[in-house]
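Under the numbering used here, the residue at position 27 of the sequence shown is numbered 50, and the numbers go up by one with no gaps. Input: a single structure, listed below in structure tokens.
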Amino acid sequence: MSSVRTRLILAAAGLAASALVVTACSSAPSTPTEHKDGKPVAITVASLPTANLASVQLGQQQGFFKDEGLDVTIQNVQSGSEMITGVLGGSFDFIAAGYVPVFTAQSQGLPLKFLAGNDTGANTADKDWQIVVAGKNSPVHTPADLATATIAVNALKGVAEVQVRASLEKQGIDQSKIKLTEIPFPEMPVALEQGRVDAALVPEPFVTAVLNAGGRVVDTPYVVMGENFPNGAWETSQQVIDRDPATVAAFTRAIIKSVEYARDNPDAVRKIIPTYTSVKAEMANAIRLPVFNPELNQDLMQQLVGYTKKYGTLEKDLKVADLIYKP
24 MSSVRTRLIL
34 AAAGLAASAL
44 VVTACSSAPS
54 TPTEHKDGKP
64 VAITVASLPT
74 ANLASVQLGQ
84 QQGFFKDEGL
94 DVTIQNVQSG
104 SEMITGVLGG
114 SFDFIAAGYV
124 PVFTAQSQGL
134 PLKFLAGNDT
144 GANTADKDWQ
154 IVVAGKNSPV
164 HTPADLATAT
174 IAVNALKGVA
184 EVQVRASLEK
194 QGIDQSKIKL
204 TEIPFPEMPV
214 ALEQGRVDAA
224 LVPEPFVTAV
234 LNAGGRVVDT
244 PYVVMGENFP
254 NGAWETSQQV
264 IDRDPATVAA
274 FTRAIIKSVE
284 YARDNPDAVR
294 KIIPTYTSVK
304 AEMANAIRLP
314 VFNPELNQDL
324 MQQLVGYTKK
334 YGTLEKDLKV
344 ADLIYKP
């Protein structure tokens with residue numbers, strides 16, 4: 024498939040009982056990866072300037088990638104669709120896209136594989152870190168008000184749109200007349216303040232920015248959809264896997280360590296956020312922290328496939344077990 028066609032497809036796609044839990048690549052060998060000349064392998068990783076991706080920043084800081092023989096360059100982008108286009112086109116080796124745009128790409132036959140989880144929604148509304156908020160002067164106060172509102176999402180037909188529509192319908196609210204507009208996360212607080220949109224689906228640190236400016240919480244989609252619902256994960260392309268499976272295994276081990284470190288060290292998460300976002304230290308100390316989790320929960324992923332088919336752009340049914348890389 025040509026890169027032009029890939030970009031067109033992804034633009035159309037847009038662009039967040041007992042569970043069967045899989046920790047990706049846990050059985051992979053632990054030998055550091057090196058070039059034949061003994062130098063570290065250079066890789067480029069696509070990320071976002073959001074709190075949940077403190078994981079990769081901490082992994083870099085703590086030397087987890089270096090320990091695996093990897094020389095990592097982290098490049099911030101604005102959406103999952105941009106990441107997917109980049110990894111398929113060879114600009115990135117690994118990406119941190121939400122499950123929804125990856126499902127969409129996989130349903131179109133694009134060669135992407137999940138490597139590890141990164142984050143989930145919270146268990147309670149007061150702790151959820153990716154939610155629908157309204158500005159101080161917005162007419163929107165309750166989920167019911169969203170039915171005719173203009174809502175900002177970072178990518179159409181992506182995880183944010185699926186979250187918003189699924190949450191409203193589950194609460195018995197007609198979601199067919201909402202108007203969604205695409206705005207990058209960092210621009211959403213200003214768009215709300217200026218009244219260009221009535222509400223926005225934002226992650227931290229932008230939740231706290233809006234609330235500090237007099238805004239309010241309107242809806243917590245992931246809590247409505249289910250406890251600890253999967254949001255973001257780590258992926259690569261089949262081309263990268265075929266070219267260098269040892270590097271894929273090394274990256275997977277390092278990112279799992281990174282996500283676990285973020286989960287276990289909340290103070291470190293708060294401290295590193297100002298280094299790769301525009302957020303000041305004072306705000307970073309006040310935000311709701313993401314729920315970091317490196318596991319790929321196949322049961323919840325399959326539920327999200329169902330939501331994505333209903334509200335997104337899936338072209339066919341997907342079996343989650345086939346979407347996870349197994350070395």
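Don't be surprised by glycine CBs; every beta carbon is placed ideally from N, CA and C.
- Query: For ALA277, is the beta carbon positioned less than 7 Å from some heavy atom of the ligand FMN?
  - Reply: As for the ligand FMN, it is missing from this structure, which has no ligand bound.
- What first and last residue would you give for the alpha helix (DSSP H) that runs through GLU227? Careful: GLU227 lies outside any alpha helix (DSSP H) and carries neither H nor E.
- Same chain, Cβ closer than 7 Å to LEU346, neighbours up to 5 away in sequence not counted: GLN129, LYS136, PHE137
- Item | Counted within 10 angstroms of its Cβ, other Cβ atoms place ALA65 as buried (16 or more) or exposed | exposed
- Query: What did DSSP end up calling ARG276 once you bin it into helix, strand or coil?
  - Reply: helix
- Query: Terminal residues of the continuous beta strand (DSSP E) containing ILE97?
  - Reply: 93–99
- Message: Determine whether the beta carbon atoms of LEU81 and ALA119 lie at a separation below 8 Å.
- Response: no
- Buried or exposed: which applies to SER161, given that a residue is buried once 16 or more other Cβ atoms fall within 10 Å of its Cβ? buried
- Task: Could you have a look at GLN153 and say whether DSSP puts it in helix, strand or coil?
- Result: strand
- Message: Quick test of your reading: ARG239 and VAL156, contact by CB under 8 Å. State the CB separation rounded to the nearest angstrom.
- Response: 7 Å
- Could you pull out every residue in the same chain whose Cβ sits closer than 6 Å to the Cβ of TYR348, ignoring the five residues on either side in sequence? LYS136, LEU138
- Do the region 144–154 and the region 167–176 touch if we need at least three Cβ pairs shorter than 8 Å? no
- Out of ARG293, LEU93, SER199, point me to the one whose CA is closest to TYR334's CA. SER199
- Which same chain residues, not among the five before or five after ALA256, have their C-beta less than 8 Å away from its C-beta? ALA119, ALA120, GLY121, TYR122, VAL125, PHE137, LEU138, ALA139, GLY140, ASN141, LEU319
- Query: Looking only at C-alpha atoms, which of GLY158, ARG286, VAL343, TYR330 sits nearest to ALA236?
  - Reply: GLY158
- Query: For LEU337, which of helix, strand or coil comes out of DSSP?
  - Reply: coil
- Task: Just the C-alpha distance for ASP287 and ALA232, rounded to the nearest angstrom, thanks.
- Result: 25 Å
- Task: Whole angstroms is fine: what's the gap from ALA272's alpha carbon to ASP197's?
- Result: 45 Å
- Task: Using beta-carbon positions only, say whether THR331 and VAL110 come within less than 8 Å of one another.
- Result: no
- Message: So, under 8 Å CB-CB, MET306 and PRO212 are touching, yes? Tell me the CB distance rounded to an integer number of Å.
- Response: Going by Cβ atoms, the distance from MET306 to PRO212 rounds to 11 Å, so no, they are not a contact pair.
- Reduced DSSP category for ASP345 - H, G, I as helix; E, B as strand; rest coil: helix
- Message: Pull the bridge partners of ARG239 from the DSSP assignment, please.
- Response: ALA157
- Might you give, ordered along the chain, the residues of its own chain that have their beta carbon closer than 6 Å to the beta carbon of ASP340, omitting 5 neighbours on each side? none
- Message: If you measure between the beta carbons of LEU179 and PRO253, is that distance less than 8 Å?
- Response: no
- Close Cβ partners of THR171 (< 6 Å) along its chain, the five nearest in sequence each way excluded: LYS200
- Message: So the candidates are THR336, GLN131, HIS164, VAL100; which of them puts its Cα closest to the Cα of ASP242?
- Response: HIS164
- Item | Contacting residues, own chain, Cβ-Cβ under 6 Å from LEU234 (five flanking each side not counted) | none
- For the beta strand (DSSP E) that contains ILE296, what are its first and last residues? Looking at the DSSP string, ILE296 is not in any beta strand (DSSP E); the run it does join, the alpha helix (DSSP H), is 289–299.
- Message: Which same chain residues end up closer than 6 Å to PRO134 when comparing Cβ atoms and leaving out the 5 residues on each side of it in sequence?
- Response: SER260, GLN261
- Query: In terms of alpha-carbon separation, which member of ALA344, LEU312, GLN131 lies closest to MET324?
  - Reply: ALA344
- Please decide whether ASP345 counts as near chain C, where near means a Cβ-Cβ distance under 8 Å. Any reference to chain C falls outside this structure, which holds one protein chain only.
- Message: Tell me which residues share the same chain as ALA277 and place their Cβ nearer than 8 Å to its Cβ, disregarding the 5 neighbours each side in the sequence.
- Response: GLY82, PHE87, PHE88, ASP90, GLU91, LEU93
- Let me know the beta strand (DSSP E) ranges lying completely inside the region 165–214, each 3 residues or longer, listed in chain order. 173–176, 202–205
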